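Inspection log for the structure reproduced underneath, given as structure tokens.
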Amino acid sequence: MPSTPAANHRPRFGGFVSDGGIRFAVWSQAARRLWVSIFDEQGNREIERLELQPEGEGVHALFVAGLGPGTRYGFRADGDYAPERGLWFDPDKLLTDPYAIEIDRPYAHDWRLAHRRGEGGDTAPLMPKAIAGALPKPARASPPLFRAGGLIYEVPVRAFTMRHPDVPERLRGTVAALAHPAVIEHLKKLGVGAVELMPVTASIDERHLPPLGLRNAWGYNPVTFMALDPRLAPGGIVELRNTVAVLREAGIGVILDLVFNHTGESDRLGPTLSLRGFDNQAYYRHASDGRLANDTGTGNTVACDHPVVQEMIIDALRHFVRDAGVDGFRFDLAPILGRVEGTFEAEAPLLKAMRQDALLADRVLIAEPWDIGPDGYQLGNFPPPFLEWNDKYRDDVRRFWRGDAGMVGALATRLAGSSDVFAKAGQHTSRSVNFIAAHDGMTLADTVRYERKHNEANGEQNRDGHNENLSWNNGVEGVTDDPAVSAARLNDHHALLATLFASRGTIMLTAGDEFGRTQHGNNNAYAQDNEITWLDWAGRDRALERYASLLAALRRTVPALSDTRFLTGQPPAGSGMPDVAWLTERGAPLDEQSWQDPQRHRLVMVLGGTADDGRRLAVVINGDRRACMFTLPGREGFFWASALETGEAVDISRPVSGRTVIFMIERAAVQAGSREKRNGGK
């Protein structure tokens, strides 16, 4: 990959406007001829087709005088057509510029896009056209706002505001809607450190969806890597940049969820849209027998060990930092990015380049550390400073609150930062992104309402999605009017939220889980661009939302909760108090027998030195269904008081209800006397 240390480096490929015209440049090692097709202002009629000139090392380019900003264009390539050998050249297929920053319309699946050479005709009428534009002045360089240990809020951009009553209709479902004051207020109330936007780059529907009347609502099926989807960002990169600026002014960073592991060109039956038409053998990985590798489950796998692919991905990341000012990135199926000749390497060239690039080195990097290829589960194996989605956290917390036997030790490990996963090579801080629910799977509310998936609306006879969700229904599957069942579910929802906010490491909450969003048991709602996934703002549980905001406030004000150092049971430097004590309900340290007791569902985590004055915080966890008395360790000069101002009296001298988490904090005894004097002393 070419060395480009300068932060203001511009890509060498694409269609970029300069004085007097536009230079068009693409890369293909195997094509014999390439052309740029110029279209009219509406992008409907091809008005000129000009052949690019080879410049060596696979670069093909042409400067066209007289063209300016707004020019609509695409490319065409010719060479051998032999799909059995991975060659798909067909000049009838209009190809999107891999470096396109803007396209003039969304992608729409059409079977003609996948026709064999000579059978389908010109695909230009079916394809978006890239729009050439003058590059904007780079955004003001600023360090990321988000810091590990904070709260990431996962946002499906369209679903988030489609039903928001305070957001104007013209903005609903767009990136610009995230800058609305009502949205900002909600995010600040939750203490969000960064919003993580599910894919906003232009994507195409999988071929089986249109016949079912469905469309991809999540966006994890891109065609190229830089052009934003016109449905989500009709204002293009400027809309994203302006929204990032407004969120940043409110103290909230933006993380983009990007898909570099595959494209919507899918398997051998898929459409030819861009990379396949330029050089299928170079841009995608292939098995030894010549077939497309499928480590992603989507039909193809991007060859992230190819230097030109690495250059393209780094250029895409630079673009979003330089031209939009984002804090960082979350990488879908991230082991693909670290595969070298099919094998994952923590020090793969692409992963190393991300960490060493002048413009990217300080950005937030988050890996989804698994794919479905050989040795695809790589949790804990990405190099620092990568943060990693931690599915072990999700599963162990769900198992504990479901009531599985023998889970108290696993719960403590997850609360303490998952050192079993991340304490490698002398690491002392957790890189865990703790989550209990994400876009993929049951929502947090559905986790306690549905024991089984209910994906019938996806049109696959409920065969899609995970069968094991580690979920439970509290006695009734789905909707109920039984007040006891509803109360039990709400209790469990509170307990899950409390556990998340009490955990060491970065935490992630998916939008709407703070107020009870439901997908009615659908655990694979990627194809539901409708009220199944659209957040119901009018019907949200405001009391639950207030509880989540109280947890967020506590996490912000008690440093020990947002600390990312592993809990060890030893005093931190400069303190005589251990960072954590693990206690039974009777206040005694857990011994080996207690840790191994399969019937133990209760635990107390006492965090030391949680405030400037050294006060302790106790997280009291009663996972049993029975109420129980808990004893907390006393300390001269202090008493235990509720750490959350819920409006309900919390008294540790009374039994703690079953299926409950409460937070108690030490307060100086002198405060008690002063309060008594204020409230009743005559």
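Per the working numbering, the very first residue in the sequence shown carries number 6; after that it's consecutive. Even for Gly, the Cβ is constructed at its ideal location relative to N, Cα and C. This one's a predicted model, so the numbers in the text were calculated from it and none came from an experiment.
Residue i: first and last residue of the uninterrupted alpha helix (DSSP H) it sits in
i    : result
D284 : L280 to Y288
T248 : G241 to E254
L261 : Where L261 is concerned, there is no enclosing alpha helix (DSSP H), although the beta strand (DSSP E) it sits in stretches over G258 to L263.
F427 : S424 to F427
V655 : No alpha helix (DSSP H) holds V655; DSSP gives it neither H nor E.
E190 : P186 to K194
T303 : First-last for T303: undefined, no H or E at that position.
F451 : Position check: residue 451 holds Asp in this sequence, whereas Phe was assumed. It spans L449 to T452 - the alpha helix (DSSP H) in which D451 sits, taken as one unbroken run.
Element boundaries [beta strand (DSSP E), containing residue i]
i    : result
Q383 : Run containing Q383: none; DSSP gives neither H nor E here.
Y78  : R77 to D83
V205 : No beta strand (DSSP E) holds V205; DSSP gives it neither H nor E.
I512 : T511 to T515
L502 : No beta strand (DSSP E) holds L502; the alpha helix (DSSP H) holding it covers P488 to F506.
H65  : V64 to A70
For residue i, the residue or residues it bridges with in DSSP
i    : result
G414 : According to DSSP, which records beta bridges pairwise, G414 is partnered with nothing at all.
C309 : C309 is not bridged to any residue.
M669 : A623 and S647
A351 : Answer by DSSP bridge pairing: none, since A351 is not bridged.
I318 : DSSP lists no partner for I318.
F387 : F387 is not bridged to any residue.
N395 : N439
L233 : T206
F336 : L263 and A372
W93  : Y86
P227 : S208
M634 : In the DSSP output, where bridge partners are listed per residue, M634 has none listed.
H291 : L297
R344 : F349
Test: residue i CB closer than 8 Å to a CB of chain D
i    : result
H606 : Structure shown: chain D not included; a single protein chain is present.
Beta-carbon contacts of residue i that lie in its chain and below 6 Å, excluding the five residues immediately before and after
i    : result
L365 : L322 and M359
I512 : L156, N439 and L505
A30  : F18 and A66
D127 : D97
R236 : P111
S662 : A632
T434 : T569 and R570
D320 : P16
L566 : R560
R403 : L475
V413 : R605 and L608
N467 : N460 and E461
R290 : A298, T306 and A308
Check whether residue i and residue j have beta carbons under 8 Å apart
i    : j    : result
R494 : N479 : yes
L57  : T277 : no
R28  : F80  : no
A557 : G196 : yes
P133 : W223 : no
I136 : G61  : no
E346 : D310 : yes
D234 : R220 : no
Contacting residues, own chain, Cβ-Cβ under 8 Å from residue i (five flanking each side not counted)
i    : result
G295 : E89, R90 and G91
A255 : I189, L192 and K193
I260 : F151, I157, A199, V200, E201, L202, V331, D332, G333, F334, R335, V369 and I371
P603 : A410 and G411
V481 : D487 and V490
Cβ-based neighbour list, residue i, same chain, cut-off 7 Å, excluding 5 preceding and 5 following
i    : result
G240 : A181
R170 : Residue 170 is actually Pro in this sequence, not Arg. For P170, where only same-chain residues beyond five positions count, the Cβ hits under 7 Å are W542 and A543.
P583 : G574, Q575, P576 and G613
D24  : none
V675 : none
A442 : T448, L449, T452, T515 and D518
A500 : W406, R664, T665 and V666
V249 : V259, A329, G330 and V331
V264 : P204, Y225, P227 and D337
Ranges of the alpha helix (DSSP H) found wholly within the stretch 541 to 607, counting only runs of at least 4: 547 to 562, 564 to 567 and 597 to 601
Whole beta strand (DSSP E) elements within the stretch 96 to 167, 3-residue minimum: 156 to 160
Ordered list of beta strand (DSSP E) runs contained in the stretch 18 to 60, each at least 3 residues: List check, beta strand (DSSP E) in window: 19 to 23, 26 to 32, 38 to 44 and 51 to 56.
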